[in-house]
Structure formats: structure tokens, C-alpha cells
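For this note's numbering, add 222 to where a residue sits in the sequence shown, where the first one is 1. We put the CB at the ideal spot given by N, CA and C, even for glycine. These numbers were taken from a predicted model, which means no experiment stands behind them. Some notes on the structure that comes next.
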Amino acid sequence: NEDYNRGYWDLVWSEYGSPGTTGKTERIKGTSFEVIVENEELAEVSFTRKWDSSLQDTIAPINVDKRFVIRKNVSGFYSYAIFEHLG
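Pasting the structure below:
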């Protein structure tokens, strides 16, 4: 697969009042990143995306914070997301 298609998070959402079976699919991409923790034992990185009202109907009306944690001497990584609902 191409670089952009090797692993991604997506979500399906619909606008308030939409019929139950309709929805929009969105790949969640961070627009900025920050190192949360960096020490001898682990590193945690945050990729965030703030909702932009100019993109209404294009992206879900939420703020997204995707986190990735890598620990020393532990194979793999831990990931989680914080979704902040607006409104």
C-alpha cells in the first residue's frame, strides 16, 4: 500500500437529525503534534486536530487528540484517542 494507506484511524458520523443509516466517513489526521512525555522509560506523542467551522459538513464537529505511547523493552505500542464533543 501507499504510505498514506498503510494504517489510519477513521470515524463515521452524521449530522444531528440525519436518518439513522446515513453517515460520513472521515480519516482522522492530526494537524499539529506535541511530545507529551519523553524519558528513559517511555515516549508519548500527541497528534491533534481542532474543529474548524469553515470545514462544517466536511469533518466531524469534534476536537481530536490521538496519542501514541512507546515503552522501553516492550514490543509494539499503545494508542488511544480523546474526542472532545463540541456543543
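Starting from the C-beta of residue i, find all residues in its chain whose C-beta is less than 8 Å away, skip the five residues before and the five after it, and write them out in chain order.
i      : result
Ile250 : Tyr230, Trp231, Asp232, Leu233, Arg271, Val286, Lys288 and Ala303
Phe255 : Val267, Ser268, Phe269 and Thr270
Leu308 : Trp273, Pro283, Ile284 and Asn285
Can you name, in chain order, every residue of its own chain whose Cβ lies under 7 Å from the Cβ of residue i, other than the five neighbours on each side?
i      : result
Gly252 : Phe269, Thr270, Arg271 and Lys288
Is residue j closer than 8 Å to residue i when the C-beta atoms are compared?
i      : j      : result
Ile284 : Glu248 : no
For the putative contact between residue i and residue j, defined by C-beta atoms under 8 Å, what is the C-beta separation to the nearest angstrom?
i      : j      : result
Glu263 : Arg293 : 6 Å
Val267 : Ile281 : Actually they do not touch by this definition, with Cβ atoms about 22 Å apart.
Between residue i and the rest of its own chain, which residues show a CB-CB distance below 6 Å, the 5 nearest in sequence each way excluded?
i      : result
Ser301 : Phe290
Segment contact, 8 Å Cβ cut-off, at least three pairs: the region 223-243 with the region 267-276: no
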